[in-house]
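To start, the structure under review is shown below, and the notes come after it.
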Amino acid sequence: MKEFKFEEAMKRLEEIVQKLEEGNLTLEKSLELFEEGVKLSRFCTKKLEEAHTKIDLLTKNPAGKAELKPFKGKEEDGGNGEKEGGDKLL
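Below, the structure is given as structure tokens:
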């Protein structure tokens, strides 16, 4: 599957749903589109979860102002709270 941006993936997913709802496709084509739709749905869900996590990281700094701390996923920190290189995450 080609790499989509979130908005492109949602648009393609909507197109697939519309085609499937019309019911004018062969069984094979319907299954092909359904499989593509499931992959797109998972991709969009993952992107939304990542965005939600970034929003959750929005915190107040010592001066009381909101600031966004960069999101560090499990892949980047080894899952133990340390960046590669041994530095502790803030």
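Residue numbers (the working numbering): 22 to 111. All C-beta atoms in this analysis are idealised placements derived from N, C-alpha and C, irrespective of residue type, glycine included.
- With fewer than 16 other Cβ atoms from the protein chains shown falling within 10 Å of its own Cβ, isoleucine 76 counts as exposed.
- Contact annotation: serine 62 and leucine 34 have beta-carbon atoms nearer than 8 Å.
- In the displayed model, alanine 84 falls within coil according to three-state DSSP, outside both helix and strand.
- Between alanine 30 and glutamate 24, the alpha-carbon positions lie close to 9 Å from each other.
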